[in-house]
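In our numbering, the protein residues as written are 11 to 299.
Glycine included, each C-beta is placed from N, C-alpha and C at the ideal position.
Please read these numbers as outputs of a predicted model, since none were measured by experiment.
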């Protein structure tokens, strides 16, 4: 006689990751042309910090999931994605920002104030009619983010979450943690339309790689200092996902050779030195892909 055994947390999160996250990723990949290089640089088992640019939206996550069929990944995610109400507000703000950008571009700099009013009116209307779809989606997304135990981080300012300890616990268990770098200007008072901070290593006029934040590299230094673990940091370049929802795009992913914090521990600030090295490598791979 077989007893119905209750599913453990680990089994549930793996089931959701394998059946839902991988399925959704496959759908995104299926409608685009994905190419890759440097697969020999992947770390397929043991602790790993994966750090890359974030030029698109969910497609960036999808391509990374698809190219790691051999392991489950732990993604850092905006802490607002963990609660249904906050997901709703985030979507609303994103619609406002996109609407303002569209009308500013259409009306020009002289009419920015009028453009913002027009954008707000359109956004209000869109957010109203999209409610029946947005609310269930927000509930689904937040439940799944929590179910796979993503790592909540504050993308808008000082991090008050315990993300570093959570990430360290995964690395100690031999798992991989992913940081996709998405940086917006904190000095811009208009939070509804903040501009990306592009990498200083990009050639003039190029976009697609934001200035890296320090989270991944703080974690690498923390693991070395607290646990004596020199966790490999894998730089990844993603190109071709900038234009949201357009099908049949050519997406190119490049994996660089793993970096380690140990050679930088004698530097005045090891995390800064490693961050600059990783960012420069990702920009180089991005421009050559």
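Close beta carbons around residue i, own chain, < 7 Å, minus the five adjacent residues each side
i           : result
residue 97  : 90, 91, 148, 151 and 152
residue 122 : 114
residue 265 : 48, 49, 51, 52, 244 and 246
residue 233 : 178, 181, 239 and 241
residue 132 : 109
residue 24  : 82
residue 285 : 222, 224 and 227
Nearest neighbour of residue i, chosen from the options [CA to CA]
i           : options               : result
residue 258 : 22, 42, 93 and 15     : 42
residue 263 : 238, 237, 299 and 228 : 299
residue 281 : 229, 221 and 144      : 229
residue 94  : 84, 261 and 144       : 144
residue 210 : 44, 290, 17 and 238   : 290
residue 231 : 140, 269 and 221      : 269
residue 60  : 46, 69 and 78         : 78
residue 102 : 68, 134 and 120       : 134
residue 217 : 279, 37, 294 and 23   : 294
residue 37  : 215, 146 and 72       : 72
residue 33  : 21, 18 and 69         : 69
Rounded Cβ spacing between residue i and residue j (contact assumed at less than 8 Å)
i           : j           : result
residue 288 : residue 245 : 5 Å
residue 297 : residue 213 : 7 Å
residue 241 : residue 181 : 6 Å
residue 186 : residue 83  : 5 Å
residue 261 : residue 44  : 5 Å
Other residues of its chain near residue i: CB distance less than 6 Å, five sequence neighbours each side excluded
i           : result
residue 76  : 35 and 39
residue 283 : 274 and 277
residue 11  : For residue 11, the predicted structure reports a pLDDT of 45, less than 50, and the residue's modelled location is therefore unreliable. The matter cannot be settled from this model.
residue 125 : 113, 114 and 117
residue 201 : Confidence at residue 201 is low in this model, with a pLDDT of 49, below 50, so its placement is unreliable and no value can be given for it.
residue 184 : 56 and 57
residue 137 : 102 and 105
Residue i vs residue j beta-carbon contact at 9 Å
i           : j           : result
residue 188 : residue 74  : yes
residue 248 : residue 63  : yes
residue 50  : residue 80  : no
residue 31  : residue 110 : no
residue 226 : residue 161 : no
residue 219 : residue 292 : yes
residue 251 : residue 66  : yes
Beta-carbon contacts of residue i that lie in its chain and below 8 Å, excluding the five residues immediately before and after
i           : result
residue 142 : none
residue 163 : 86, 87, 88, 89, 169, 171, 173 and 225
residue 21  : none
residue 17  : 25
Unbroken beta strand (DSSP E) run spanning residue i, endpoints
i           : result
residue 162 : 161-163
residue 43  : 43-47
residue 247 : 243-249
residue 33  : Element bounds for residue 33: not the beta strand (DSSP E) but the alpha helix (DSSP H), 32-40.
Where the alpha helix (DSSP H) through residue i begins and ends
i           : result
residue 104 : 94-117
residue 137 : 122-139
residue 62  : It is not in any alpha helix (DSSP H) - residue 62 instead sits in the beta strand (DSSP E) that spans 58-63.
residue 227 : 225-237
residue 285 : 280-297
residue 174 : 173-182
residue 25  : 19-26
residue 73  : 68-76
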